[in-house]
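The block underneath contains the structure these notes are about, expressed in structure tokens.
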Amino acid sequence: MRKQSGFIFLLGFILYGWVEFEALIFVGNIVGGFLSFIGIFLTAFIGIYLIRRLNRRVFMSWQSERQNNKPGLSKLAEGLSILLGGLLLVIPGYLTDLIGLICMIPILRTLIGSIIIANFADIRLFADLRKKHEYNDPNKENSETTSPIITIDGDYTEK
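Heads up: the sequence shown at position 71 corresponds to 70 in numbering that gives the first Met the number 0, and the numbers run straight through without jumps.
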């Protein structure tokens, strides 16, 4: 099975390179070779700019949601989509630029980020974020998810 997945990865990598090369030739024939290469570098700088600017804004709104005791998963998903889109814009090539721009569309950000979180839910970071408000009673063998009982104890004085 491992050899087969390596072969599929190699085949996909070769196919990706071929499609990127064909796209570069196609765009180069339309706008010229020099402008084609300028476009590749320009999209890389745009990707870096968008990562820095948009992720800062999303991170600040995620922090405000977290301070208001909201899970903030939609903002996390939006930030992941912006990060993926920006990284794809930095990678040279028109296919990756197109996919990166799709990741930057505001309407699709949360959807794309949610797909990323769903596919990587086994990773401990995302699993902990998804189950933050869930509580499993260790005394039950097949415990169901219930809300935790929080007891606050302290002294106070009236003035």
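The beta carbon of each residue, even a glycine, is placed where N, CA and C say it ideally should be.
Note that the structure is predicted; figures quoted are calculated from it, not measured.
Measuring only the C-alpha atoms, how far is Gly32 from Thr42? 16 Å
Just the Cα atoms here: how many angstroms apart are Leu94 and Gly16? 10 Å
Segment contact, 8 Å Cβ cut-off, at least three pairs: the segment 52–66 with the segment 20–35: no
Quick one: any contact between the segment 82–93 and the segment 36–56, if contact means 3 or more CB pairs under 8 Å? yes
Let me confirm a value: Gly46 is counted as buried when at least 16 other C-beta atoms fall within 10 Å, else exposed. Which label applies? buried
How far does the alpha helix (DSSP H) with Lys74 in it extend, from its first residue to its last? 72–89
Could you have a look at Lys69 and say whether DSSP puts it in helix, strand or coil? coil
Rounded separation between Ser73 and Gln66 - CA only: 15 Å
Less than 6 Å between C-beta atoms, sequence neighbours within five positions excluded: which residues of the same chain meet that for Arg108? Glu77, Ser80
Just confirm the distance between the C-beta atoms of Met103 and Leu49, as a whole number of angstroms; I'd bet it's less than 8 Å. 6 Å
So, at 7 Å on beta carbons, what are the nonlocal neighbours of Ser35 in its own chain, with the 5 sequence-adjacent residues on each side left out? Leu23, Val26, Gly27
How many Å lie between Leu10 and Lys2 at the Cα? 12 Å
Gly5 burial status per 10 Å Cβ neighbour count (16 or more: buried): exposed
Is the distance from the Cβ of Gly99 to the Cβ of Leu75 below 8 Å? no
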